[in-house]
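A.B. asks:
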Amino acid sequence: MNSPQVVTEFVLLGLSQTHEVQMVLFFFFLLFYMIILPGNILIVLTVQRDSQLGSPMYFFLANLAFLDICYCSVTPPKMLADLFLHRKTISYSACMAQLFFLHFLGAAEAFLLMAMAYDRYVAICKPLHYTRLVNRRVCCVLVGASWGGGFIHGIILFALTIHLPFCGPNVLDNFFCDIHQLVKLACADTYMVELLMFLNNGAVIIMSFALLLISYTVLLLKLQAQSSKGKSKVASNCVSHIIVVFVTCGPATYIYGLPFQTVPMEKIVAVFHTVIFPLTNPMIYTLQNREIKSSMWKLIRKHIL
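Take a look at the structure:
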């Protein structure tokens with residue numbers, strides 16, 4: 094009995110097969126990174142250096158910016174390099190590593206957004222107990238739990254995927270190692286693996302999305318009972334959180350929360366989900382916050398201008 098062929102690399106079809114389109118995409122993504130990526134780094138440095146930004150909200154914001162920088166270091170560098178290549182390939186080991194870090198960091202961000210929702214809930218609903226319920230130790234535990242939960246999520250998917258047998262077909266119609274198509278290329282009966290992956294992936298995304306929407310709905314209802322003096326600033330803060338929740342979890346739900354089949358616009362949604370949206374999340378918070386904008390400008394004038 095012949096043993097199945099071992100796949101050592103996968104062929105990526107990328108975003109386009111047209112050279113002109115690939116060049117346009119390269120310059121667009123490169124320009125985007127040159128503008129947005131330094132902004133996220135600046136957020137981390139500003140919160141770290143300015144002692145006045147020591148509240149839990151800014152601590153979570155700096156961690157979100159750092160997490161998004163890590164997340165956008167997984168697929169975009171490879172994607173930008175592949176835009177210059179006619180034949181785009183990725184080794185089996187690199188593919189598995191890419192898959193692990195994508196889901197590890199993606200789940201960690203979903204859990205971090207839940208921690209930020211808890212912070213806003215305590216600030217609005219239990220303001221007198223805020224310093225006790227959301228102190229520095231609690232914040233570190235929540236951030237650590239977010240990274241730990243993301244790692245568990247990523248390692249489960251990695252363990253399920255690494256045991257899939259690939260017998261020959263190795264073409265992925267995407268610009269990164271998409272778990273949907275990896276399952277389709279497996280040459281064994283993978284019904285149970287598909288089910289486990291869907292439950293693990295879909296459950297985390299859908300559960301996080303639902304809990305975040307419920308929590309912010311409760312917060313907005315609570316705001317109706319507060320005085321109009323402090324309501325506008327808090328409401329603006331909550332709106333920023335809600336926008337980030339939809340920007341982060343919406344595309345993820347579309348990609349991973351659906352059954353394992355190719356869906357229309359999946360590749361385009363994946364570009365926004367893995368390349369563009371993550372770097373814009375911290376900016377959404379920053380643009381509506383006077384304190385951090387002022388601190389960022391001071392840091393720029395001191396060390397750059």
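Start counting the sequence shown at 94; every next residue gets the next number (our numbering).
Think of the CB as a built atom: it goes at the ideal place given N, C-alpha and C, for glycine as much as any other residue.
(1) Determine the extent of the alpha helix (DSSP H) in which F204 is found, giving its start and end residues.
(2) Between F193 and V104, what straight-line distance do the alpha-carbon atoms span, to the nearest angstrom?
(3) Put V167 into one of helix, strand or coil per three-state DSSP.
(4) To the nearest angstrom, how far is the alpha carbon of S184 from that of A174?
(5) Expressed to the nearest angstrom, what Euclidean distance is found between the alpha-carbon atoms of I255 and L235?
(6) For L154 and P375, what's the separation of their Cα atoms in angstroms?
(7) Can you tell me the Cα-Cα spacing of L312 and L306, whole angstroms?
(8) Cutting at 6 Å between CB atoms, please list the residues of its own chain near I134, excluding the five before and the five after it.
(9) Closer than 6 Å by C-beta to P169: which residues in its own chain qualify, once you throw out the five before and the five after it? Chain order, please.
(10) Whose C-alpha, out of I335, N382, Q274, L316, is nearest the C-alpha of F302?
(11) For the candidate residues L316, L198, I136, H366, whose alpha-carbon lies nearest to that of N330?
(12) Here's the rule: buried if 16 or more other CB atoms are within 10 angstroms of the residue's CB, otherwise exposed. What is A252?
(13) What residue from M389, E384, A296, V99 has the CA that sits closest to A345's CA?
(14) Per the DSSP calculation, T182 is bridged to which residue(s)?
(15) Count the other CB atoms, across all protein chains shown, that sit within 10 Å of the CB of M116; report buried if there are 16 or more and exposed otherwise.
(16) Using a Cβ distance threshold of 8 Å, determine whether the segment 385-395 contacts the segment 140-148, with at least three qualifying pairs required.
(17) Can you give me the C-alpha to C-alpha distance between L250 and K395, rounded to a whole angstrom?
(18) Around the Cβ of P220, are there at least 16 other Cβ atoms within 10 angstroms (buried) or fewer (exposed)?
(19) Determine the direct distance from the alpha carbon of H366 to that of G242, and round the result to whole angstroms.
(20) Rounding to the nearest angstrom, what Cα-Cα distance links E102 and L265 in this structure?
(21) So, under 8 Å CB-CB, K386 and L108 are touching, yes? Tell me the CB distance rounded to an integer number of Å.
(22) Does the separation of the CB atoms of V215 and L206 fall below 8 Å?
(23) Given that a residue counts as buried once 16 or more other Cβ atoms are within 10 Å of its Cβ, and exposed if not, what is P131?
(24) Please report the straight-line C-alpha distance between F120 and H112, rounded to a whole angstrom.
(25) With distance defined between alpha-carbon atoms, name the residue in E384, M300, N382 nearest to G343.
(26) DSSP three-state label for F259, please.
(27) Going by DSSP, what residues sit across from L265 in a beta bridge?
(28) Just to confirm my understanding: we take I377, look at its own chain, exclude 5 residues before and 5 after, and list those with CB closer than 6 Å. What are they?
C.D. replies: Result, derived from the coordinates:
(1) One-based indexing of the sequence shown puts residue 204 at position 111. Start and end: 185-218.
(2) What you label residue 193 is simply residue 100 of the sequence shown in a count that begins at 1. What you label residue 104 is simply residue 11 of the sequence shown in a count that begins at 1. Approximately 19 Å between the Cα atoms of the pair.
(3) In the sequence shown, residue 167 corresponds to position 74, counting from 1. If DSSP states are grouped into helix, strand and coil, V167 belongs with coil.
(4) Counting from one through the sequence shown, the residue named residue 184 turns up at place 91. Counting from one through the sequence shown, the residue named residue 174 turns up at place 81. S184 and A174: Cα-Cα distance of roughly 15 Å.
(5) Translated into positions along the sequence shown, residue 255 becomes position 162. Translated into positions along the sequence shown, residue 235 becomes position 142. If you draw a straight line from the Cα of I255 to the Cα of L235, it comes to about 30 Å.
(6) Within the sequence shown, residue 154 is the residue found at index 61, counting from 1. Within the sequence shown, residue 375 is the residue found at index 282, counting from 1. If I take the Cα positions, the gap works out to 7 Å.
(7) Working through the sequence shown from its first residue, we reach residue 312 at position 219. Working through the sequence shown from its first residue, we reach residue 306 at position 213. So the alpha carbons of these two residues sit roughly 10 Å apart.
(8) On the sequence shown, residue 134 is found 41 positions in, with the first residue counted as 1. Result list for I134: empty, nothing under 6 Å.
(9) For the purposes of this step, residue 169 is taken as the residue at position 76 of the sequence shown. These residues qualify, in order along the chain: V368.
(10) Mapped onto the sequence shown, residue 302 falls at position 209. The shortest Cα separation from F302 among I335, N382, Q274, L316 belongs to I335.
(11) For the purposes of this step, residue 330 is taken as the residue at position 237 of the sequence shown. For the set L316, L198, I136, H366, the Cα lying nearest the Cα of N330 is the one of L316.
(12) Residue mapping note: residue 252 aligns to position 159 of the sequence shown, counting from 1. Per the 10 Å Cβ criterion, exposed.
(13) Walking along the sequence shown from the start, residue 345 turns up at place 252. Checking every option, the nearest Cα to that of A345 belongs to A296.
(14) The count along the sequence shown starts at 1 and reaches residue 182 at position 89. According to DSSP, which records beta bridges pairwise, T182 is partnered with V104.
(15) Here residue 116 refers to the residue found at position 23 of the sequence shown. Classification for M116: exposed.
(16) yes
(17) As a working mapping, residue 250 is identified with position 157 in the sequence shown. As a working mapping, residue 395 is identified with position 302 in the sequence shown. Near 45 Å, if we compare the C-alpha coordinates of K395 and L250.
(18) Residue numbering aside, residue 220 sits at position 127 when the sequence shown is read from its first letter. Looking at its Cβ environment, which holds fewer than 16 other Cβ atoms inside 10 Å, P220 is exposed.
(19) Within the sequence shown, numbered from 1, the residue matching residue 242 stands at position 149. Within the sequence shown, numbered from 1, the residue matching residue 366 stands at position 273. Straight-line measurement puts the Cα of H366 at about 20 Å from the Cα of G242.
(20) Counted from its first residue, the sequence shown places residue 102 at position 9. Counted from its first residue, the sequence shown places residue 265 at position 172. If I take the Cα positions, the gap works out to 11 Å.
(21) If you number the sequence shown from 1, residue 386 lands on position 293. If you number the sequence shown from 1, residue 108 lands on position 15. Not quite, the Cβ-Cβ distance comes to about 34 Å (not below 8 Å), so this is no contact.
(22) One-based indexing of the sequence shown puts residue 215 at position 122. One-based indexing of the sequence shown puts residue 206 at position 113. Going by C-beta atoms, V215 is not nearer than 8 Å to L206.
(23) Along the sequence shown, one-based indexing puts residue 131 at 38. P131 counts as exposed, since fewer than 16 other beta carbons sit within 10 angstroms of its beta carbon.
(24) In the sequence shown, the residue the question calls residue 120 occupies position 27. In the sequence shown, the residue the question calls residue 112 occupies position 19. Roughly 13 Å separates the two Cα atoms.
(25) Indexing the sequence shown from 1 puts residue 343 at position 250. Looking at the Cα atoms, M300 is the closest of the given residues.
(26) As a working note, residue 259 is residue 166 in the sequence shown. Three-state result, F259: strand.
(27) Within the sequence shown, numbered from 1, the residue matching residue 265 stands at position 172. For L265, which the question treats as bridged, DSSP gives the partners L105.
(28) Reading the sequence shown from its first residue, position 284 is the one you call residue 377. Excluding residues within five positions, the ones whose Cβ falls inside 6 Å are S333, I336, V337.
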